[in-house]
Amino acid sequence: MTVLALALGLISFLLIWQFVGYPTLMGIVALFAKPREKHRSYTPFVSVIVPAHNEETVIGKRLENLLALDYPDDEYEILVVESGSTDGTLKVVQDAIANRQGEAPPMKLLREAERRGKASAINLGKRHARGDIILVTDANSAFEPNVLREMMPHFADPKVGAVGGRYVVSNPDNIHTSSESFYWDLEYIMRRGESIVDSACLFHGEINAWRKNLAEADTDNLSEDLDIAIQIRRAGYKIEYESSALVYEPGATTARDQIRQRKRTTTGTLQCIFKYRDYLLLPRDLYSLLIFPSHKGLVMLSPLLLVSVAILYLLVRDIGIIVAHATVTFVLFAVLLVVLLSLRSKLVDGAQGPSAGSLTSVPRILYYVLLNEYLVFLAWIDLLLGRYSVLWEKAESTRAAVE
174 MTVLALALGL
184 ISFLLIWQFV
194 GYPTLMGIVA
204 LFAKPREKHR
214 SYTPFVSVIV
224 PAHNEETVIG
234 KRLENLLALD
244 YPDDEYEILV
254 VESGSTDGTL
264 KVVQDAIANR
274 QGEAPPMKLL
284 REAERRGKAS
294 AINLGKRHAR
304 GDIILVTDAN
314 SAFEPNVLRE
324 MMPHFADPKV
334 GAVGGRYVVS
344 NPDNIHTSSE
354 SFYWDLEYIM
364 RRGESIVDSA
374 CLFHGEINAW
384 RKNLAEADTD
394 NLSEDLDIAI
404 QIRRAGYKIE
414 YESSALVYEP
424 GATTARDQIR
434 QRKRTTTGTL
444 QCIFKYRDYL
454 LLPRDLYSLL
464 IFPSHKGLVM
474 LSPLLLVSVA
484 ILYLLVRDIG
494 IIVAHATVTF
504 VLFAVLLVVL
514 LSLRSKLVDG
524 AQGPSAGSLT
534 SVPRILYYVL
544 LNEYLVFLAW
554 IDLLLGRYSV
564 LWEKAESTRA
574 AVE
């Protein structure tokens, strides 16, 4: 009985740590950290890579957005990698380049005869890039003008290998996008804290900058952004998070699209865990000891942990122990959740969705948690059955240009 009770306590601790404990700790770190001084005079040449497949409806606006960045025109280039599009994407890009008439910043079109996935497009762009710094973004997103001004000064430190920006859902107006916005707010809190403690766990596929010589995108991985991040941290370089560099992108407005997107990235996370198991299971720094296990590792095990609690309840068969355990777990979870939501209101400007003290928080948070567990379960099935492809199946509800 003692062993079963200890097992219950350990599993409950891991679940509480994953859902609210670790985000709360990172939020406290972020709240009390002093702002870092930036070397704003440092403006290295940047190669901006935009993979594009059937992006006719959004690519024009995206290129206009990139041309309007507040950064020296002779210090960045735009490389559009068009991969086997069957719509008018190619013509839109060609017209945009022709209209430039050689003006700076230069814009170049690279083509893949067939679609091979985002990682393949990134590698093609990387081979043609003039800059030592690569910045990868999406065709349906939009930057704030100051993105390069905020991100590039980090690279003045030779120990910094990558910098990520902040992703903001541009349409947080229904239950799906609201819950997604809430999810990204928690990611924002964790990445701010992680960047101070050691390194951000990962960066967004919509906005990530890294030294060209440190990584190659894995064409077999569904989460090439996480894979690149682990490559860079394993090589001994830091991954910093720049919360002032904002990228906007529409969130999925249907459950089907949301599941499709998140299941893919979750499967990619599992791929990374198995690929880099020597680094992640034999910790050599705070990233592999604390940050990755807390931010990503436990998430991949949480469905199993939840099922284990139910099984242990059946084995214990002592109503007193079960009630005591459930009560303590609920109270601790609730207290930390209130603290976390309060931290969110202090750290996240314009936070959307659940907030401390709001009765509407409960169903939205529950929806977020249950969806996450369901997605992890589906991702494990897809991985074990080999039922996945590196070719991105687009969520059509996200294919709208950000105004």
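Counting in our numbering, the sequence shown runs from 174 upward without gaps. A virtual CB, placed ideally from N, CA and C, is assigned to each residue, including glycine.
Among residues of its own chain, excluding the 5 on either side of residue i, which ones have a beta-carbon nearer than 8 Å to its beta-carbon?
{"i": "residue 215", "result": "325, 326, 328 and 329"}
{"i": "residue 392", "result": "289, 290, 292, 293, 296 and 563"}
{"i": "residue 489", "result": "174, 177, 178, 181 and 495"}
{"i": "residue 281", "result": "250, 251, 252, 253, 270 and 301"}
{"i": "residue 452", "result": "403, 407 and 461"}
{"i": "residue 557", "result": "none"}
{"i": "residue 449", "result": "403 and 407"}
{"i": "residue 482", "result": "181, 184, 185 and 188"}
{"i": "residue 446", "result": "453, 469, 470 and 473"}
{"i": "residue 217", "result": "248, 304, 305, 306, 325 and 328"}
With DSSP as the reference, please indicate the residues paired to residue i in a beta bridge.
{"i": "residue 289", "result": "Answer is none; residue 289 lacks a bridge partner."}
{"i": "residue 411", "result": "333"}
{"i": "residue 224", "result": "254"}
{"i": "residue 310", "result": "380"}
{"i": "residue 341", "result": "421"}
{"i": "residue 249", "result": "219"}
{"i": "residue 315", "result": "421"}
{"i": "residue 280", "result": "251"}
My assumption, with CB atoms under 8 Å, is that residue i sits in contact with residue j. Please give the rounded CB distance.
{"i": "residue 333", "j": "residue 410", "result": "7 Å"}
{"i": "residue 396", "j": "residue 444", "result": "7 Å"}
{"i": "residue 595", "j": "residue 420", "result": "Beyond the ends of the chain as shown, which are 174 and 576, falls residue 595; an answer cannot be given."}
{"i": "residue 382", "j": "residue 306", "result": "6 Å"}
{"i": "residue 193", "j": "residue 510", "result": "5 Å"}
{"i": "residue 516", "j": "residue 362", "result": "7 Å"}
{"i": "residue 459", "j": "residue 371", "result": "4 Å"}
{"i": "residue 200", "j": "residue 520", "result": "6 Å"}
Would you kindly work out how many angstroms separate the C-alpha atoms of residue i and residue j, rounded to a whole number?
{"i": "residue 184", "j": "residue 251", "result": "48 Å"}
{"i": "residue 248", "j": "residue 405", "result": "24 Å"}
{"i": "residue 546", "j": "residue 437", "result": "14 Å"}
{"i": "residue 464", "j": "residue 493", "result": "36 Å"}
{"i": "residue 345", "j": "residue 359", "result": "15 Å"}
{"i": "residue 385", "j": "residue 480", "result": "43 Å"}
{"i": "residue 204", "j": "residue 369", "result": "11 Å"}
{"i": "residue 310", "j": "residue 241", "result": "15 Å"}
{"i": "residue 473", "j": "residue 272", "result": "48 Å"}
{"i": "residue 408", "j": "residue 388", "result": "9 Å"}
{"i": "residue 441", "j": "residue 487", "result": "34 Å"}
{"i": "residue 508", "j": "residue 180", "result": "22 Å"}
{"i": "residue 367", "j": "residue 331", "result": "19 Å"}
{"i": "residue 398", "j": "residue 378", "result": "6 Å"}
{"i": "residue 321", "j": "residue 364", "result": "19 Å"}
{"i": "residue 210", "j": "residue 190", "result": "32 Å"}
{"i": "residue 299", "j": "residue 186", "result": "43 Å"}
{"i": "residue 555", "j": "residue 227", "result": "26 Å"}
{"i": "residue 572", "j": "residue 468", "result": "Unreliable positioning characterises residue 572 in this predicted model, as indicated by a pLDDT of 49, which lies under 50. A coordinate reading is not provided."}
{"i": "residue 243", "j": "residue 319", "result": "5 Å"}
{"i": "residue 477", "j": "residue 550", "result": "9 Å"}
{"i": "residue 208", "j": "residue 239", "result": "27 Å"}
{"i": "residue 415", "j": "residue 454", "result": "28 Å"}
{"i": "residue 497", "j": "residue 287", "result": "59 Å"}
{"i": "residue 552", "j": "residue 439", "result": "6 Å"}
{"i": "residue 432", "j": "residue 274", "result": "43 Å"}
{"i": "residue 224", "j": "residue 561", "result": "20 Å"}
{"i": "residue 267", "j": "residue 559", "result": "38 Å"}
{"i": "residue 518", "j": "residue 212", "result": "30 Å"}
Can you list, in chain order, the residues of its chain with a C-beta nearer than 6 Å to that of residue i? Leave out the 5 residues immediately preceding and following it.
{"i": "residue 269", "result": "236"}
{"i": "residue 512", "result": "197"}
{"i": "residue 531", "result": "Low local confidence applies: a pLDDT of 49 at residue 531 is under 50, so the model's placement there is unreliable, and no value is given."}
{"i": "residue 456", "result": "462"}
{"i": "residue 246", "result": "277 and 278"}
{"i": "residue 417", "result": "323"}
{"i": "residue 542", "result": "none"}
{"i": "residue 577", "result": "Nothing about residue 577 can be read from this structure; the chain reaches only from 174 to 576."}
{"i": "residue 340", "result": "357, 377, 379 and 420"}
{"i": "residue 502", "result": "185"}
{"i": "residue 394", "result": "400, 441 and 444"}
{"i": "residue 258", "result": "226 and 227"}
Within its chain, find whatever has a CB closer than 7 Å to the CB of residue i; leave out the 5 residues flanking it on each side and keep chain order.
{"i": "residue 229", "result": "260, 261, 262 and 265"}
{"i": "residue 402", "result": "335, 375, 376 and 412"}
{"i": "residue 505", "result": "189"}
{"i": "residue 373", "result": "337, 364, 367, 412, 413 and 414"}
{"i": "residue 284", "result": "255"}
{"i": "residue 429", "result": "none"}
For a test of your reading of the model: does the CB of residue i fall under 7 Å from any non-hydrogen atom of the ligand COA? Yes or no.
{"i": "residue 502", "result": "No copy of the ligand COA appears in this structure; indeed no ligand is present at all."}
ask   = Okay, do the region 311 to 326 and the region 217 to 236 touch, 3+ Cβ pairs below 8 Å being the bar?
value = By the criterion of at least three beta-carbon pairs nearer than 8 Å, the region 311 to 326 is in contact with the region 217 to 236.
inquiry  = Would the region 254 to 267 count as touching the region 287 to 306 if we require 3 or more Cβ pairs under 8 Å?
reply    = Touching, yes, given that three or more Cβ pairs across the two stretches are closer than 8 Å.
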